[in-house]
Each structure stands twice: as structure tokens, then as C-alpha cells.
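Chemist:
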Amino acid sequence: MQKKITLHLVSEATGQTLDSVARACIAQFPNTEVHLRHWNLIRTQLQLRRVLRHIALDRGPVMSSLTDPTLQADMEAGCASLQVRLLDVLDNALHFLTEETGEEATRHPGGQYIMDENYYQRIEAMHYVLAHDDGQETKGLNEADVILVGVSRVSKTPTCFYLANRGLKAANVPLVMGIEPPQDLFTTDKPVIGLTIDPERLIEIRRNRLSQMVPSKAKIDPVADYAYIDLEKVQEELHWARRLCRRHNWPVIDVTRRSIEETSAAILDLISAG
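Taking this note's numbering, the leading residue of the sequence shown gets 218, the next gets one more, and so forth.
#1: I'd like the list of long-range same chain contacts for Leu304, defined as Cβ closer than 6 Å, with 5 residues on each side in sequence excluded.
#2: Given Val440, which residues of its chain have a CB within under 6 Å of its CB, disregarding the five upstream and five downstream residues?
#3: Can Leu377 and Val346 be called in contact, C-beta distance under 8 Å?
#4: Considering Cα atoms alone, identify which of Gln245, Gln452, Leu412, Phe246 is closest to Arg200.
#5: Just the Cα atoms here: how many angstroms apart are Leu365 and Gln245?
#6: Is it a yes or a no for the region 232 to 249 touching the region 263 to 270, going by three-plus beta-carbon pairs under 8 Å?
#7: Work out the CA separation of Ala458 and Val520 for me, nearest whole Å.
#8: Taking its Cβ as the centre, do 16 or more other Cβ atoms sit within 10 Å of Leu283, making it buried, or is it exposed?
#9: Using a Cβ-Cβ cut-off of 8 Å (strictly less than) and excluding sequence neighbours within five positions of Pro416, which residues of its own chain qualify?
#10: Keeping to the same chain, check which residues put their C-beta closer than 6 Å to that of Cys296; ignore five residues upstream and five downstream.
#11: Which residue wins for smallest C-alpha separation from Asn335, given the options Asn382, Leu311, Asp350?
#12: If you count every other CB in all the chains shown that lies within 10 Å of the CB of Gly395, and 16 or more means buried, which is it?
#13: In chain order, what residues of the same chain lie with their CB nearer than 7 Å to the CB of Asp291, ignoring the 5 residues before and after it?
#14: Tell me which residue opens and which closes the alpha helix (DSSP H) that Met292 is part of.
#15: In whole angstroms, what separates the C-alpha of Glu397 from that of Thr315?
#16: Note down the Cα distance separating Thr223 from Thr405, rounded to an integer number of angstroms.
#17: On the three-state DSSP scale, how would you describe Leu392?
#18: Output needed for Thr323: all residues of its chain with C-beta closer than 6 Å, excluding positions within five of it in sequence on either side, in chain order.
#19: Give me, in chain order, the residues of the same chain whose beta-carbon lies closer than 7 Å to that of Gly277; leave out the 5 immediate sequence neighbours on both sides.
#20: Could you check if Ile420 is buried or exposed, using at least 16 other CB atoms within 10 Å of its CB as the buried criterion?
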């Protein structure tokens, strides 16, 4: 029988770091069902007392990324009183870096979220992705840090947005069999990377997409939709796209078993190696 626990995540900031750490760890315990409770932007003792009351009602271990010493002490005392286990995920790392640098940590809440040059670079990259999604504004491809190409539904758009959050201007250009790609794609000096996928997985994604986006059966194009999800046609489409990438020496990443994060990591490796 699968064990079930509630894991409370308490953060002074957005909770993204803590959530990522928790999910990476949870993935290693497939026989346990973990329900996450997020408590973000906890910066006062009043807010922390409210969190502790909720933990008392739904008991479970606590992972914390609080940096304020007073709040840390209150959290430790509260968890000890409730007899629930507490792990401070930042404390060991902060002590480690204090010893290495000889500098005391400032313990500023949300210190990684500052509106510096990198922040505005990410905002600019987001605007670029919006303007250059799905083959829009191909004249601006030379402004990109990377250009993704591939047939419909190989996760080009979400990958571009993830890369933008890392500060990269990512354009994507759809490859449609029978239609010549824009000439700017062949003349740019920016890195072009192809995305591909297993045909059966692609058909599954496309079927789901069709079922969600078609408002009425009267608007369905039987011929186009058949080609969109027919296995033989899809295999031909993917082979054509691969041949095009090979002809222009564009590296290709298979996204079938990759998350958006893993695909983006592979793209970043290709860019840095190039």
C-alpha cells in the first residue's frame, strides 16, 4: 500500500527554489504519495504563526528556506512543539559558503530576485519570444541567440519560453512539408537547432491538441487533419524535417523522452560547444 505524507514548504520568497529541490527529491521515492503544501512570502512572525497553525491541522514534515535568524528560530521551536521534523535546505549551504568565502551571508529574503541587468535581459528575451514565435517576424532572426526548427507540436514554443527565462532570445520556425522555409533561416549566422520526436508520441499530442482546439465539427478539414495524425504521413513529415536539418548541418535533439528543462539543457550545451 502506497504511503501518503504531507510535505510543507515554507519560504520567504516565491518558493521556486524550495519547490524544485522538493520535487527533485520526491521523484526518488515512487512508492510514496507526497502532497505539497506551499507557504510562500513568509516574512513576519504573524505569518509564520499562521503557517504553524495549518501544519498542526495537517501534520507532516517541513522543508524551509527561511534565512532570517529570528524566523528560523521560531520555525524550529514551532516544529519541535508540534513534534514534526524540520529541514532547513539553505542552512548547510550558507555555512559552507561562509567558510569558503570568509564572508557572512546577508540573509536577505529573496536575494536572488533582484531587478538587475540579468532581470531586464530575461524580460527582453520574453518579448522577443512573443514576437518571434511560430515563424513570426523572420526578418529578426539575426537578433536571436538560438533558432529552433521542427514540425508542428514538437514543443518548440514552450522550450523557447523556458530559454527566455534563462535570458536567451529564442525564435522558432515551423517546418511544414511542401512549404519552403523562410530564406532568412538559411542566411542567418545564428545557431539553428532542430527538434524531433517519436511519430506515435507526436500523433498522440496532435490528437489531444485537435480535440481541444476545434470548436465545431463543421470547421474540421478531413484531409488536412488526416495527414496531421496519420502514422505514415507523420513518419514522412519527420523524415523530411530530419533530412532538411542534415542538409544544412543543423543539430537535432529528440524530445520524445525529454522534459522541457532537459531539452533546454541540451540546447544550452550545444550553444556553448558551438
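Glycine included, every Cβ here is placed at the ideal spot set by N, Cα and C. If you're wondering where the values come from, they're calculated on a predicted model, not measured in any experiment.
Modeler: Taking the geometry as given:
#1: As a first step, residue 304 is located in the sequence shown; it is residue number 87 there, counting from the start. Taken in chain order, the residues that qualify are Met280.
#2: Counted from its first residue, the sequence shown places residue 440 at position 223. At Val440 the pLDDT is 46, less than 50, meaning the model places this residue with poor confidence; the figure from the coordinates comes in the next sentence. Hits under 6 Å: none found.
#3: By one-based count along the sequence shown, residue 377 stands at place 160. By one-based count along the sequence shown, residue 346 stands at place 129. Note that residue 377 is Cys in the sequence shown here, rather than Leu. Between Cys377 and Val346, the C-beta gap is smaller than 8 Å, which places the two residues in contact.
#4: Nothing in the structure corresponds to residue 200, since the chain is present only between 218 and 491.
#5: Against the sequence shown, residue 365 aligns to sequence position 148. Against the sequence shown, residue 245 aligns to sequence position 28. Going from the Cα of Leu365 to the Cα of Gln245 covers about 32 Å.
#6: Output reads no: the region 263 to 270 does not touch the region 232 to 249.
#7: For the chain, the structure presents residues 218 to 491; residue 520 sits outside this window and is missing.
#8: Taking the first residue of the sequence shown as position 1, residue 283 is located at position 66. Residue burial annotation: Leu283 is buried, with at least 16 other C-beta atoms found within 10 angstroms of its C-beta.
#9: Mapped onto the sequence shown, residue 416 falls at position 199. Excluding residues within five positions, the ones whose Cβ falls inside 8 Å are Leu448, Val451, Gln452, Leu455.
#10: Here residue 296 refers to the residue found at position 79 of the sequence shown. Excluding the 5 residues flanking it on each side, Cys296 has same chain C-beta neighbours closer than 6 Å at Val279, Leu303, in chain order.
#11: Reading the sequence shown from its first residue, position 118 is the one you call residue 335. Looking at the Cα atoms, Asn382 is the closest of the given residues.
#12: Along the sequence shown, read from residue 1 onward, the residue named residue 395 stands at position 178. Counting every other CB atom within 10 Å of its CB across the protein chains shown gives Gly395 a total below 16, marking it as exposed.
#13: Here the question's residue 291 lines up with position 74 in the sequence shown. Within the same chain, Cβ atoms closer than 7 Å to the Cβ of Asp291 are found at Gln262, Leu265, the five residues on either side in sequence being excluded.
#14: One-based indexing of the sequence shown puts residue 292 at position 75. Per DSSP, Met292 belongs to the alpha helix (DSSP H) from 286 to 299.
#15: Counting from 1 along the sequence shown, the entry for residue 397 is found at position 180. Counting from 1 along the sequence shown, the entry for residue 315 is found at position 98. Answer to the nearest angstrom: the Cα atoms are 57 Å apart.
#16: The residue you call residue 223 lines up with position 6 of the sequence shown. The residue you call residue 405 lines up with position 188 of the sequence shown. Answer to the nearest angstrom: the Cα atoms are 51 Å apart.
#17: Here residue 392 refers to the residue found at position 175 of the sequence shown. Looking at Leu392 - three-state DSSP - the assignment turns out to be coil, as it is neither helix nor strand.
#18: The count along the sequence shown starts at 1 and reaches residue 323 at position 106. None.
#19: Position 60 of the sequence shown holds residue 277. For Gly277, where only same-chain residues beyond five positions count, the Cβ hits under 7 Å are Ile222, Thr223, Leu224, His225, Val301.
#20: Mapped onto the sequence shown, residue 420 falls at position 203. Ile420 is buried by the Cβ-count criterion.
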